[in-house]
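>
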Amino acid sequence: MDDQILLNKRYRLSEPIGRGGMAMVFLGQDLMLERDIAVKLLRSQYAKDPAFRERFRQEAKAAANLSHPNLVTIYDFGYDQQRLYIVMEYVPGDDLNSIIHEKGRLSIKEGLELGIKACKGIGYAHRAGLVHCDVKPHNFLVTADHQLKVTDFGIARALASINPDEQSEVVWGSPQYFSPEQASGEAPSPSSDVYSLGVVLYLMFTGQLPFIGKTSSELARLHRNANPIPPRELNPFISAELEEVILKVLAKEPSARYRTADQLGRVLQMILDQTKANNSQNINSIVTPQTPKPQAASTPNPPIAPVSPNLSPATQPPLVKNSSLQPDPLPASAGIDWTSVTLALLAVASWGGLIPFFIWVYHNIF
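If you're matching positions, the sequence shown starts at 852 in this note's numbering and goes up one per residue.
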C-alpha cells in the first residue's frame, strides 16, 4: 500500500501488521493527535456488500462501547475512498499465538497470568451484554511488559439479540477454537467464550490444540463428540487442580462449564495464588536452613552418670530423664591421688629425722 495514502486526510497508513479473512490491520498515524494507531480496513471485495458493511459497523459500535484495560480501545469509524475502516489503539508487541509457537508452551505462572487477564477483558464484555464469539490467541495482543488486550469483536453478538432456539446454517468463528454449540450452528452464549478460553489454556500449557483436524467439518465433529487428551499427560507440570479446570471448561454441555469468563478468571486466580505460595515455600526451604529451636529456660536436667566401657549394651543402666535424684557419690577407691600421698610420706620422713637431734640437745642442756 502507498505510504502516502490518507483516510479522511487524517489517518496515514503504513505497513500491514495483521491479516484476517474479512479485513487487514495496518500500522498508522493520527496526524491530528500525533500518535500511533492501528487501522482495520475492510477488504475491498466485502466493502461493496451491504451485509458485510453493516457487520463491520456493528463491530465498531460494539467495541466502542467497551472500556477496559484488557480490551483494545476503539477511537473512530469511517468511510473514505470506498474503504471502510476502524481506528483503534495500537498495541506494540506480539499476538499470543505467535508467542506460544515461539516458546512451544508457556510456564504455569505465565500462562495463568495471561489467562486471567484475558478472562478479565472478555468477562467485562459479558457484563456489558456481548459475546465475543471469536476467542482465540490470535486476538490476544501481548505487550513487552506482559499486558494483554483482547481485540477483534468482528462477529460479536449482543446477548439481547440472541434467540436461544435459533439455528444457523452459517457457522461463524474459528474451527480450532469454537464451542460445540457454535459448531452445530446453535446460539452462542458467554459459556461459548469460556469454552474457547479453555482451548486457549490447553494450547498455552501443552503446546498443542485439544482437537486437530484437516477440515472445518472434521474439527466441528471433534468439538461436538471427542474428548481431549488429559493435559497432564502432555505436561506433567500442570497441577491436578488446573487440569480439572481445563477439562471442565471444555465440557460439551454449556451448563457444565463456568457461565462467564469472570467466573473462570476467579478460579484461575486462586490456582495462581496457590502456585505462588507453593513456590515461595519451596524456595524458603532451600535458602533458609533449618536451625534447632533454643530450649526454654527451665531447671536443667541432672548430669547423666558415665557409662562404663566394660559393660555390654545389654547391661548398661537405664538413663532417667527429668529426675530430681542426684547420682550416688563415687567410692574412695574409685580414684587415688598418688601425688598427695607421696608428699605426705616425704613430710613424715623429714620430721622423723629431727627426733635424735632434739634428744641430744635435751641431755646436754638439762
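We put the CB at the ideal spot given by N, CA and C, even for glycine.
1. Check whether the Cβ atoms of C984 and P1039 sit closer than 8 Å, and answer yes or no.
2. Just confirm the distance between the C-beta atoms of L999 and A969, as a whole number of angstroms; I'd bet it's less than 8 Å.
3. How is the beta strand (DSSP E) around I925 delimited, first residue to last?
4. Within the segment 886-941, note down every full beta strand (DSSP E) run reaching 3 residues or more, in order along the chain.
5. Please return the same chain residues whose Cβ sits closer than 6 Å to the Cβ of M875, not counting the five positions on each side in sequence.
6. Where M1055 and I951 are concerned, what is the direct C-alpha to C-alpha distance, given to the nearest angstrom?
7. Roughly how many whole angstroms lie between the Cα atoms of P1082 and Y1028?
8. What are the boundary residues of the beta strand (DSSP E) that includes D881?
9. If you run the structure through DSSP and keep just helix, strand and coil, what is W867?
10. Does the beta-carbon distance from F928 to A911 come in below 8 Å?
11. Can you have a look at P1160 and say buried or exposed, based on whether 16 or more other CB atoms are within 10 angstroms of its CB?
12. If you run the structure through DSSP and keep just helix, strand and coil, what is F1056?
13. Using the beta-carbon count (16 or more within 10 Å), is P920 buried or exposed?
14. When the Cα atoms are used, what is the spatial distance from G879 to S1012?
15. Kindly provide the ranges of any beta strand (DSSP E) runs that are 3 or more residues long and lie completely inside the segment 931-1017, ordered along the chain.
16. Please return the same chain residues whose Cβ sits closer than 8 Å to the Cβ of L965, not counting the five positions on each side in sequence.
17. Give every residue of the same chain whose Cβ lies closer than 8 Å to the Cβ of I1122, excluding the five residues on either side of it in the sequence, and list them in chain order.
18. By Cβ distance below 7 Å, which residues in the same chain neighbour R870 in space, the five residues on each side in sequence not counted?
19. Using only alpha-carbon positions, find the residue among S918, S1025, D945, D1003 that is nearest to R978.
20. If you reduce the DSSP assignment to three classes, tell me which class P1180 lands in.
21. Compute the distance between the beta-carbons of A1229 and G1036, then report whether it is under 8 Å.
22. Is DSSP giving L858 helix, strand or coil here?
23. Taking the beta carbon of M939 as the centre, do at least 16 other beta carbons fall within 10 Å, making it buried, or is it exposed?
24. Excluding the 5 residues flanking L1052 on each side, which residues of the same chain have their C-beta closer than 6 Å to its C-beta?
25. For L1181, which residues from the same chain have a beta carbon less than 8 Å from its beta carbon, with the 5 sequence-adjacent residues on both sides left out?
26. Between the alpha carbons of R934 and L858, how many angstroms are there, rounded?
27. DSSP three-state call for E1084: helix, strand or coil?
28. For T1002 and E1017, what's the separation of their Cα atoms in angstroms?
29. Beta-carbon separation of P1041 and R1110 under 8 Å?
30. What separation, rounded to the nearest whole angstrom, lies between the Cα atoms of F903 and S895?
With the structure as the only source:
1. Yes, the pair counts as a contact, with Cβ atoms nearer than the cut-off.
2. Their Cβ separation, rounded to whole angstroms, is 6 Å, which keeps L999 and A969 in contact under 8 Å.
3. 925-931 is the span of the beta strand (DSSP E), which, as asked, contains I925.
4. The qualifying runs are 886-893, 925-931, 934-940.
5. Answer for M875: P867, L892, listed in chain order.
6. For M1055 and I951, the distance between alpha carbons rounds to 6 Å.
7. When rounded, the distance between both Cα atoms is 16 Å.
8. Note, D881: beta strand (DSSP E), 874-881.
9. Checking the sequence shown, residue 867 turns out to be Pro, not Trp. Residue state, collapsed to three classes: strand.
10. Cβ distance < 8 Å, so F928 and A911 count as in contact.
11. Per-residue confidence for P1160 stands at a pLDDT of 42, beneath the threshold of 50, marking its modelled position as unreliable; the derived number appears in the next sentence. Under a 10 Å Cβ-count criterion, P1160 is classified as exposed, with fewer than 16 other Cβ atoms of the shown protein chains found around its own Cβ.
12. In the structure shown, F1056 falls within a helical segment according to DSSP collapsed to helix, strand and coil.
13. Exposed, because fewer than 16 other Cβ atoms sit within 10 Å of the Cβ of P920.
14. Computed Cα separation, rounded: 34 Å.
15. Every unbroken stretch of the beta strand (DSSP E) spanning 3 or more residues and falling wholly within the segment 931-1017 is given here in chain order: 934-940, 991-993, 999-1001.
16. For L965, same chain residues with a beta-carbon under 8 Å away, outside a window of 5 residues either side, are L947, L957, F991, V993, H997, L999, M1055 in chain order.
17. Within the same chain, and ignoring the five residues on either side of I1122 in sequence, the residues whose Cβ sits closer than 8 Å to its Cβ are L963, S1090, E1092, L1093, V1096.
18. Within the same chain, R870 has no close Cβ partners at all.
19. Out of S918, S1025, D945, D1003, the CA that lies nearest to the CA of R978 is found in S918.
20. Confidence in P1180 is poor, its pLDDT being 47 and thus under 50, which makes the residue's placement unreliable; the coordinate value appears in the next sentence. Coil.
21. One cannot answer for residue 1229 here, as it falls past the ends of the chain, which runs 852 to 1217.
22. Three-state result, L858: strand.
23. Under this definition M939 is a buried residue.
24. So the qualifying residues of the chain are G966, I1097.
25. Interpretation of L1181 is limited by its pLDDT of 43, a score under 50 that renders its predicted location unreliable; no figure is taken from the coordinates.
26. One alpha carbon belongs to R934, the other to L858, and they sit about 9 Å apart.
27. E1084: helix per DSSP, three-state reduction.
28. Cα to Cα, the separation comes out at about 26 Å.
29. Their beta carbons are under 8 Å apart, which means P1041 touches R1110 by this criterion.
30. When rounded, the distance between both Cα atoms is 11 Å.
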